[in-house]
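Student: Numbering (my numbering), first residue to last: -13 to 51. For each residue, glycine too, the CB sits at the ideal point set by N, CA and C. The structure displayed is predicted, hence computed values, not measured ones. Take a look at this one; I'll ask things after.
Here's what the structure looks like:
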């Protein structure tokens, strides 16, 4: 098994167990990625800007990183 295959296998096993970040505004919901775009300044280096939305029905706020 190559190193790439091993890393892929580990990533596939770990991904479903990653916890979503908690919303800093309401503290009840979790943040889901709704948009990912190249960063305006560092996009050429592979850096992305994320837009996140809280999944709590009472909150639903957007956060940009």
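In this structure, does DSSP put residue -2 in helix, strand or coil?
Tutor: DSSP places residue -2 in helix when its eight states are reduced to three.
Student: Roughly how many angstroms separate the alpha carbons of residue 26 and residue -8, rounded to a whole number?
Tutor: Answer to the nearest angstrom: the Cα atoms are 34 Å apart.
Student: Rounded to whole angstroms, how far is the Cβ of residue 18 from the Cβ of residue 47, which I believe are closer than 8 Å?
Tutor: The Cβ separation is near 12 Å, so there is no contact.
Student: So, is residue 32 buried or exposed, given that buried needs 16 or more other C-beta atoms within 10 angstroms?
Tutor: So residue 32 ends up on the exposed side.
Student: So what does DSSP say about residue 17, is it helix, strand or coil?
Tutor: Reduced to three states, the DSSP call for residue 17 is strand.
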